[in-house]
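Trainee: Protein chains in written order, with this note's numbering: chain A, 2 to 174; chain B, 2 to 174.
Note that CB positions come from ideal geometry on N, CA and C, so glycine has one too.
2 protein chains.
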Amino acid sequence: MNDRNGKPVRTAITAEDGIDLAIIELFFFAYRDFTSDPDEILADYGFGRAHHRVLHFVNRMPGLNVAELLDVLKITKQSLSRVLKQLIDTGHVLQIQGPRDRRQRELYPTAKGRSLALALARPQSRRIHDALQATDAAERGAIEMFLKAMVNSESLAQIDKLPGNLPGGDHGD
Amino acid sequence: MNDRNGKPVRTAITAEDGIDLAIIELFFFAYRDFTSDPDEILADYGFGRAHHRVLHFVNRMPGLNVAELLDVLKITKQSLSRVLKQLIDTGHVLQIQGPRDRRQRELYPTAKGRSLALALARPQSRRIHDALQATDAAERGAIEMFLKAMVNSESLAQIDKLPGNLPGGDHGD
DNA sequence: AAAATACGTCAATAGTGCTGACGTATTTTT
DNA sequence: AAAAATACGTCAGCACTATTGACGTATTTT
């Protein structure tokens, strides 16, 4: 049964195969390690990565409603509900009835939720800062441009809605 | 119960908080969209991201044994076992008894496994290529250096073992 | 008054990961 | 040769995130 499906391929995939392996692999390792910092903190609260994402965007767009949050995260409301419920029950997030449309629930962080969001962002920011220590402004621009160009246009629309992000800050093209 | 835990914070976290929000958020969206390309292909096979990772590294380091694979992926053997079993049962990966140490199982892709690995890497490589279209060599170097600097030193050791990656290719510092 | 919308929730399922425990084949150490 | 360590596989149970489908309620729009 070991070789029923043909012989083993003994050569490695390499750059000759026309694949940008270097960046594919760097991206994988970099993102894994990038998320490991907040993961450790979250574990103390019994939270996971989903809580982090919700908390982050509630802090970045206070007052957004549930539909808007689902749109940013691109998950279903059933997935969101448990995570959001836990964040509300633990006093990190508040729901306030929409002033114009009372069907809506506006989401806000509490002071506690703000504090946790910053604690989660801090090690990530430090990692970025350290990684950029010998980087000049032009290089940083190239890095941001690259990351932005890796994003789908739908996601890009979400990014441009975040405060402090100059819409159309795309220097390329 | 809505405001038992204090008042809503109505201001957004911004760069003033000393956090590099731009890159944190770009990294999140970029990685999510980067993985969405292979995810669609994997769904046709009933596979998930874990299968992708195993298949990728088996193709990049043919003949590696189970312990080495666990070391690269940083998961437990129990987590690996289901995923690896499925890849073997579907004829994408072969296990061959280690020649020197017969306790070991060397992992190789089949032609089918190689083909799928390339099919999964291709859209990611194209996305990278497109993102870099207006990028010169120096900028590309800065991007690779940044990604590499984002990685933990333990992970870096793994990267340097991959074929085609000049060990110590770190230009920084 | 009827239809659409925003949201919450119940139920079932899938994929990935974990810890702990145990068994077997094989190699290394004593 | 016997004992210990190693490499691997597997069983069992659990947690987190995400999915689809269905249904209910309050509210707004038509």
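1. Can you tell me where the beta strand (DSSP E) holding E107 (chain B) begins and where it ends?
2. Where does E155 (chain A) land, buried or exposed, given buried means 16+ other C-beta within 10 angstroms?
3. Who are the neighbours of N153 (chain B) on chain A, taking C-beta pairs under 7 Å?
4. Please go through the same chain and pick out, in chain order, the residues whose beta-carbon is closer than 8 Å to the beta-carbon of R61 (chain A), but skip the five residues on each side of it.
5. State the CB to CB distance for the pair Y109 (chain B) and V10 (chain A), rounded to an integer number of angstroms; the pair is presumed to be in contact (CB under 8 Å).
6. Between H52 (chain B) and chain A, is there a C-beta pair that is closer than 8 Å?
7. When the distance is taken between beta carbons, is V73 (chain A) closer than 8 Å to Q159 (chain A)?
8. How is L133 (chain B) classed by DSSP in three states: helix, strand or coil?
9. By the three-class DSSP mapping on this structure, what secondary structure does I20 (chain B) have?
10. According to DSSP, which residues form a beta bridge with N66 (chain B)?
11. Rounded to whole angstroms, what is the Cα-Cα separation between G64 (chain B) and E41 (chain B)?
12. Taking A112 (chain B) and G92 (chain A) to be in contact with their CB atoms under 8 Å, please state how far apart those CB atoms are, rounded to whole angstroms.
13. Does the Cβ of P100 (chain B) have 16 or more other Cβ atoms within 10 Å, making it buried, or fewer, making it exposed?
14. To which residues does DSSP link L148 (chain A) through a beta bridge?
15. With DSSP as the reference, label V10 (chain A) as helix, strand or coil.
16. Determine which residues share a DSSP beta bridge with L71 (chain B) and list them.
Mentor: In brief:
1. R106 to P110
2. Only exposed fits E155 (chain A), as fewer than 16 other CB atoms lie within 10 angstroms of its CB.
3. Those are D34, listed as they occur along chain A.
4. L163 and P164
5. Contact between Y109 (chain B) and V10 (chain A) holds, with the beta-carbon distance rounding to 6 Å and staying under 8 Å.
6. H52 (chain B) does not count as touching chain A.
7. yes
8. coil
9. coil
10. In DSSP, N66 (chain B) forms a bridge with B:E107.
11. 28 Å
12. About 56 Å separates the two Cβ atoms, so there is no contact after all.
13. Counting the other Cβ atoms within 10 Å of the Cβ of P100 (chain B) gives fewer than 16, which makes it exposed.
14. The partner list for L148 (chain A) (beta bridge, DSSP) is empty, contrary to what the question assumes.
15. coil
16. DSSP lists no partner for L71 (chain B).
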